[in-house]
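Student:
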Amino acid sequence: MGTPIVIFDLDGTLIDSAPDIHAAASRLLKREGVPPLTFDDIRSFIGRGVPGLIDRIIEASQLAPESRERLIASFLDDYNARSTELTRVFPDVAPCLQKLREFGFRLGVCTNKPLASATRILKVYDLFDAFEAVVGGDSFPAVKPDPAGLVSLIGTLGGGPALYVGDSAIDAQTASRARTLFGLFTEGYLNARLESVRYTFRFDAFSELPLVTEEVFAHQGVFV
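Those letters in the sequence shown? Residues 1 to 224, per UniProt numbering, in order.
#1: State yes or no: is the C-beta of Ser117 within less than 8 Å of the C-beta of Ser83?
#2: Are the beta-carbon atoms of residue 247 and Ile154 separated by less than 8 Å?
#3: I need the straight-line Cα distance from Ile58 to Gly49, nearest angstrom please.
#4: Tell me whether Ala23 sits in a helix, a strand or coil according to DSSP, three-state version.
#5: Under three-state DSSP, which class holds Leu107?
#6: Less than 8 Å between the CB atoms is what I'm expecting for Pro19 and Thr87, so what's the real figure, rounded?
#7: What number of angstroms, rounded off, separates the C-alpha of residue 233 from the C-alpha of Gly33?
#8: Within 10 angstroms of its Cβ, does Ser67 collect 16 or more other Cβ (buried), or is it exposed?
#9: Rounding to the nearest angstrom, what Cα-Cα distance links Glu187 and Arg31 in this structure?
#10: What is the residue span of the alpha helix (DSSP H) that Gly52 lies within?
#11: What whole-angstrom Cβ distance do Ile46 and Tyr164 have, given they're in contact under 8 Å?
#12: Could you pull out every residue in the same chain whose Cβ sits closer than 6 Å to the Cβ of Phe8, ignoring the five residues on either side in sequence?
#13: Is it buried or exposed, Glu102, if we count other Cβ atoms within 10 angstroms and call 16 or more buried?
#14: Who pairs with Val135 in a beta bridge, going by DSSP?
#15: Within its chain, find whatever has a CB closer than 8 Å to the CB of Pro210; leave out the 5 residues flanking it on each side and keep chain order.
As structure tokens, this is what we get:
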């Protein structure tokens, strides 16, 4: 049995990126000459990567479907240039990651955000070095809830018993399909009924996570 692994989602889990995503979406719609969508609308669209976000924007704003690829490129160019203006790291994330590493867990990130975007943001907020590997939404042909990225990342990190930490039903489905434990962060962008989401445990503060994680693995007979 390998070293235990903890893998994190990014948007809505480690970082509150919805304000920057909404701002970039608003600028995109302004360039297209259509009214902006609300913050709550855009936040509810987060989770299936940029193509999924643009698909929802096209539908909600009644834009031409054939403009999809152009809109994706336009959004990314603008977002990547300004992706850390309003984004914030959730409280206690950095000390949580440090504590997990001190406990002996191997850490990674599996996100539907494009890899270059995710890497840049993690570096800006001094989180990148906490992780041994990062998988993005463009690292594999399919995005979450397809489990390919998560399964591959677990292999990269040694194939040990794994916990995936996320904030959405999509993350829960990904963990289930990858046959990993799942920790639900309840202060993120969950847009489903809590009772409809399958999780091993849930938490609302990162200060809780290291000890809870250690206890959950110990209950599974896994010790670090």
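C-beta atoms are modelled at their ideal positions from N, C-alpha and C, and glycine is treated no differently. Just so we're clear, the structure is a prediction, and the values are computed from it rather than from any experiment.
Tutor: Working from what's here:
#1: Ser117 is a Cβ neighbour of Ser83, given a cutoff of 8 Å.
#2: Nothing can be reported for residue 247, as the shown portion of the chain is limited to 1 through 224.
#3: CA-CA distance, Ile58 to Gly49, rounds to 14 Å.
#4: Here Ala23 carries a helix assignment [DSSP, helix/strand/coil].
#5: Residue state for Leu107 is assigned as strand, using DSSP reduced to three classes.
#6: The Cβ separation is near 7 Å, so the contact holds.
#7: Since the first residue of the chain shown is 1 and the last is 224, residue 233 is not available in this structure.
#8: Classification of Ser67: exposed, given that the 10 Å Cβ count is below 16.
#9: A straight-line Cα-Cα distance of about 32 Å links Glu187 and Arg31.
#10: Annotation: the continuous alpha helix (DSSP H) that includes Gly52 extends over Gly49 to Ser61.
#11: About 17 Å separates the two Cβ atoms, so there is no contact after all.
#12: For Phe8, where only same-chain residues beyond five positions count, the Cβ hits under 6 Å are Leu14, Val109 and Val165.
#13: Glu102 comes out exposed.
#14: Assignment of beta-bridge partners to Val135 by DSSP yields Cys110.
#15: Excluding residues within five positions, the ones whose Cβ falls inside 8 Å are Cys96, Lys99, Leu100 and Phe103.
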